[in-house]
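**Q** To start, I am sharing the structure in question, which I have written as structure tokens.
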Amino acid sequence: MSEAYRQAYEDSTQDPQGFWSRAAELVDWSTPPGAAHDEARGWFPGGQLNTCHNALDRHVAAGRGDALALIHESPVTGATRTWAYAELLDEVGRVAAMLARLGVGKGDRVVIYMPMIPEAAFAMLACARLGAIHSVVFGGFAAHELAKRIDDATPKVLLTASCGIEGTRTIAYKPMVDEARALAAHRLDSVVLLQRDRLRAEMTPAIDRDWMELRAQCAADPVPAPVPLASDDPLYILYTSGTTGVPKGVVRENGGHAVALAWSMANIYGIGAGDVFFAASDIGWVVGHSYIVYGPLLVGATTVLFEGKPVGTPDAGTFWRVVTRHKVTAMFTAPTAIRAIRKDDPEAAFLHEIGTGPLRAVFLAGERADPETIAWLERHSGLPVVDNWWQTELGWPAITTCLPLGDRRRKPGSAGFPVPGYHFAILDEDGHPVPDGQSGAVTIRAPLPPGAFRSLWNNPAAFAKNFATFPGWYETGDAGYRDAEGFLHIMGRTDDIINVAGHRLSTGQMEQIVAAADGVAECAVIGADDPLKGQVPVAFVVARAGHADAAAMAARVIAAVRVDIGAVASLKAAHVVAQLPKTRSGKILRNVLRKLAAGEAVAIPPTIEDPAVIPAIQAVLAADRAAASG
Numbered sequence: 001m002s003e004a005y006r007q008a009y010e011d012s013t014q015d016p017q018g019f020w021s022r023a024a025e026l027v028d029w030s031t032p033p034g035a036a037h038d039e040a041r042g043w044f045p046g047g048q049l050n051t052c053h054n055a056l057d058r059h060v061a062a063g064r065g066d067a068l069a070l071i072h073e074s075p076v077t078g079a080t081r082t083w084a085y086a087e088l089l090d091e092v093g094r095v096a097a098m099l100a101r102l103g104v105g106k107g108d109r110v111v112i113y114m115p116m117i118p119e120a121a122f123a124m125l126a127c128a129r130l131g132a133i134h135s136v137v138f139g140g141f142a143a144h145e146l147a148k149r150i151d152d153a154t155p156k157v158l159l160t161a162s163c164g165i166e167g168t169r170t171i172a173y174k175p176m177v178d179e180a181r182a183l184a185a186h187r188l189d190s191v192v193l194l195q196r197d198r199l200r201a202e203m204t205p206a207i208d209r210d211w212m213e214l215r216a217q218c219a220a221d222p223v224p225a226p227v228p229l230a231s232d233d234p235l236y237i238l239y240t241s242g243t244t245g246v247p248k249g250v251v252r253e254n255g256g257h258a259v260a261l262a263w264s265m266a267n268i269y270g271i272g273a274g275d276v277f278f279a280a281s282d283i284g285w286v287v288g289h290s291y292i293v294y295g296p297l298l299v300g301a302t303t304v305l306f307e308g309k310p311v312g313t314p315d316a317g318t319f320w321r322v323v324t325r326h327k328v329t330a331m332f333t334a335p336t337a338i339r340a341i342r343k344d345d346p347e348a349a350f351l352h353e354i355g356t357g358p359l360r361a362v363f364l365a366g367e368r369a370d371p372e373t374i375a376w377l378e379r380h381s382g383l384p385v386v387d388n389w390w391q392t393e394l395g396w397p398a399i400t401t402c403l404p405l406g407d408r409r410r411k412p413g414s415a416g417f418p419v420p421g422y423h424f425a426i427l428d429e430d431g432h433p434v435p436d437g438q439s440g441a442v443t444i445r446a447p448l449p450p451g452a453f454r455s456l457w458n459n460p461a462a463f464a465k466n467f468a469t470f471p472g473w474y475e476t477g478d479a480g481y482r483d484a485e486g487f488l489h490i491m492g493r494t495d496d497i498i499n500v501a502g503h504r505l506s507t508g509q510m511e512q513i514v515a516a517a518d519g520v521a522e523c524a525v526i527g528a529d530d531p532l533k534g535q536v537p538v539a540f541v542v543a544r545a546g547h548a549d550a551a552a553m554a555a556r557v558i559a560a561v562r563v564d565i566g567a568v569a570s571l572k573a574a575h576v577v578a579q580l581p582k583t584r585s586g587k588i589l590r591n592v593l594r595k596l597a598a599g600e601a602v603a604i605p606p607t608i609e610d611p612a613v614i615p616a617i618q619a620v621l622a623a624d625r626a627a628a629s630g
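Using full-length UniProt numbering, you'd call the opening residue of the sequence shown number 1 and step up by one each time.
In structure tokens form, the structure reads like this:
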């Protein structure tokens, strides 16, 4: 353990007031807070600031207006565009003027339903400037899901584009917006539509406004000044899928968010003014909010907004081209993206040909990073590959290795150590700490650090449930353990612990074994009901190129689990499929796999990236069952 990490962690847990008061100096306050934390008012009570000012105006005022702020890299259109800080401030100011012309002000909600284009980032920052609360909904999200979010957030305005480009597909957004408007009870004042060259949309009279026409009309309007906001005023609402089918709106507050992200950029990612940060995510997810739009700009760095895929736009070398072309300092992506690259380019030929330029490290989050994927990327890149674990609710990493604090300790299968500010405990069902090495519920002591959620929009009861099972502790919903060296291991959701004939087994542990089997590109293990044993594990495996023998692959996977865990695991079914059902952020939809394994009817989830994967897996399951019975 490095001295710098040890000191930072001890300070954050033993003197949180002092630690976070010092961190608060990383941002500009129009009214400085009176303290770091107050039980009733949360973080930085009494303080006032504006997040857009902190992301843009202060850098321009400091003489860095010519410094590069935003790069839009779009391999799906073949376009690359850049904005210096002064240019980005001007664009954001124009959008803020547009919104002000439409009557948007402090506390109003604005839904942003847009693809990965710079105007989406302009819109987020413009809302922050006005004190309006933005709610970004994934462009292309199903109309009924968009309608739910419109009814919950009750926005004044919805901003959209005529289409998004997903790999080789062009997705029309306007029909889904129109359907969502028809389904929603809440009535919007305006829809502002940006027409893209790839596909233009038909305007609806009286409700739709053309983005570029409105911008021209507001050309002479004064740029709204940044509105001073209380630290606990909401910056945005970001919806996650609720277990009841009702989306949960995570509320992010201005003060804690700005401080936590500024601290994390320096102390987790080692990024400051002049560095280039490439988060290969989407603004519809928390990663896009924290580390595409806000985090890099808060510290004066350059951020890369990427419209493409890790493979297929045009090939498995696209990430490395972005990294070298723009001299990226640090990169953040999902493990599933690296697995996709490895599947298409198992010998990393593109990486070796293109190189990694000045890249210092690759950071992974969003899905459990299996040791094989990390080892493959480290071997071929020669760089540290750092896993980190967090959630939409938390807003920034809670477990990782803090390289800038001198910590170099990493272990395959572990996300690392608690980030300063987070105090973890692994608890049993009765709320008692479990011994090292034993699995339990992963919890974090309240109050959560700055940047973490303190409420859910319109849903205080659902928020309270997060702290009800273990009073004084936030229940993450994940199962995991702490090993004897202090590494934290997140093994999956608590409902991914299955009971096989009285034995509690982790499907996450089995996935780690399956992923290491020869020829496996990626995998998922789920629990299926069994009349004799209660539950049994079932594996779904995607093979790497050159491993076409499905029967041999299944046999290797089953044998590997038997060797490592024993016959008690009862893994007897391994299905080799072309791809796994995933969200567009790369998370595997294990609940869908459970239903498919059980032979249940499966509704197409609104978050799924490729709906065609479901009938393809159903066909594989039917063939495997026929072969087994024959």
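Cβ atoms here follow ideal geometry from the backbone N, Cα and C, with glycine treated the same way.
#1: Please report the distance separating the alpha-carbon of V442 from that of Y269.
#2: Nearest CA to the CA of R187: which residue from V514, E179 and L193?
#3: Alpha carbon to alpha carbon, how far is T476 from I490? Give it in angstroms, no decimals.
#4: Counting C-beta neighbours from all protein chains within 10 Å, is the total for E522 16 or more, i.e. buried, or is it exposed?
#5: Assuming F453 and V251 are in contact, meaning their beta carbons sit under 8 Å apart, how far apart are those beta carbons, in whole angstroms?
#6: Can you tell me the Cα-Cα spacing of Y249 and A201, whole angstroms?
#7: For Q14, count neighbouring C-beta atoms within 10 Å of its own C-beta (all shown protein chains included) and say buried if the count is 16 or more, exposed if not.
#8: Do we get a CB-CB distance below 8 Å when we pair T443 with the residues of chain B?
#9: Quick one: what does DSSP say W294 is sitting in, helix, strand or coil?
#10: Anyone know if the C-beta pair for G256 and F19 falls short of 8 Å?
#11: Mind checking R149: buried by the 16 CB within 10 Å criterion, or exposed?
#12: Taking 8 Å as the limit between beta carbons, can you name the residues of its chain near V557, skipping five residues before and five after?
#13: What are the uninterrupted segments assigned as beta strand (DSSP E) that are 3 or more residues long and contained completely in the segment 22-108, given in chain order?
#14: Between the Cα of A216 and the Cα atoms of P296, E91, I399 and P404, which residue gives the shortest distance?
#15: Considering only the beta carbon of each residue, do M114 and G78 sit closer than 8 Å?
#16: Note the first and the last residue of the continuous alpha helix (DSSP H) segment covering H134.
#17: Measuring straight from C-alpha to C-alpha, what distance separates A398 and A262?
#18: Among V104, A61 and I292, whose alpha-carbon lies nearest the alpha-carbon of A86?
#19: Within the continuous beta strand (DSSP E) that includes H575, where are the two ends?
#20: Only counting runs of 4 or more residues, tell me where the alpha helix (DSSP H) segments fall wholly within the segment 289-354, in order along the chain.
#21: Which same chain residues, not among the five before or five after A36, have their C-beta less than 6 Å away from its C-beta?
#22: Using the Cα positions of Y239 and A627, report the straight-line distance between them to the nearest angstrom.
#23: Can you find at least 3 beta carbon pairs, one from the segment 582-590 and one from the segment 327-341, that sit closer than 8 Å?
#24: Need the endpoints of the beta strand (DSSP E) that residue 653 sits in, please.
#25: According to DSSP, is S506 helix, strand or coil?
#26: Would DSSP call M553 helix, strand or coil?
#27: When you compare only the Cα positions, how much space is there between S455 and A619?
#28: Here's the rule: buried if 16 or more other CB atoms are within 10 angstroms of the residue's CB, otherwise exposed. What is E73?
#29: Please return the same chain residues whose Cβ sits closer than 6 Å to the Cβ of G472, not counting the five positions on each side in sequence.
#30: Please say whether P226 and N50 have beta carbons closer to each other than 8 Å?
#31: Going by beta-carbon coordinates alone, are F363 and A330 separated by less than 8 Å?
#32: Exposed or buried, which one is D275 when buried takes at least 16 other CB atoms within 10 Å?
#33: Between the alpha carbons of V304 and D430, how many angstroms are there, rounded?
#34: From which residue to which residue does the alpha helix (DSSP H) around G255 run?
#35: Can you tell me which of M553, S281 and A528 puts its alpha carbon nearest to the alpha carbon of N591?
#36: With a threshold of 8 Å, are at least 3 pairs of Cβ atoms found where one atom belongs to the segment 421-429 and the other to the segment 95-110?
**A** In short, the structure shows the following:
#1: 24 Å
#2: E179
#3: 11 Å
#4: buried
#5: 6 Å
#6: Note that residue 249 is Gly in the sequence shown here, rather than Tyr. Cα to Cα, the separation comes out at about 29 Å.
#7: exposed
#8: Note that chain B does not occur in the displayed structure, where there is just one protein chain.
#9: A small correction: the amino acid at residue 294 is Tyr; Trp does not occupy that position in the sequence shown. Helix, per DSSP.
#10: no
#11: buried
#12: V514, A517, V520, C523, A539, V541, L571 and A574
#13: 68-74 and 79-84
#14: E91
#15: no
#16: Not the alpha helix (DSSP H): H134 falls in the beta strand (DSSP E), residues I133 to V136.
#17: 15 Å
#18: A61
#19: A573 to V576
#20: 295-298, 318-325, 335-344 and 349-354
#21: Q17, W20 and S21
#22: 43 Å
#23: yes
#24: In this structure the chain extends from 1 to 630, so residue 653 is not present and cannot be described.
#25: strand
#26: helix
#27: 43 Å
#28: buried
#29: A446
#30: yes
#31: yes
#32: buried
#33: 46 Å
#34: N254 to N267
#35: A528
#36: no
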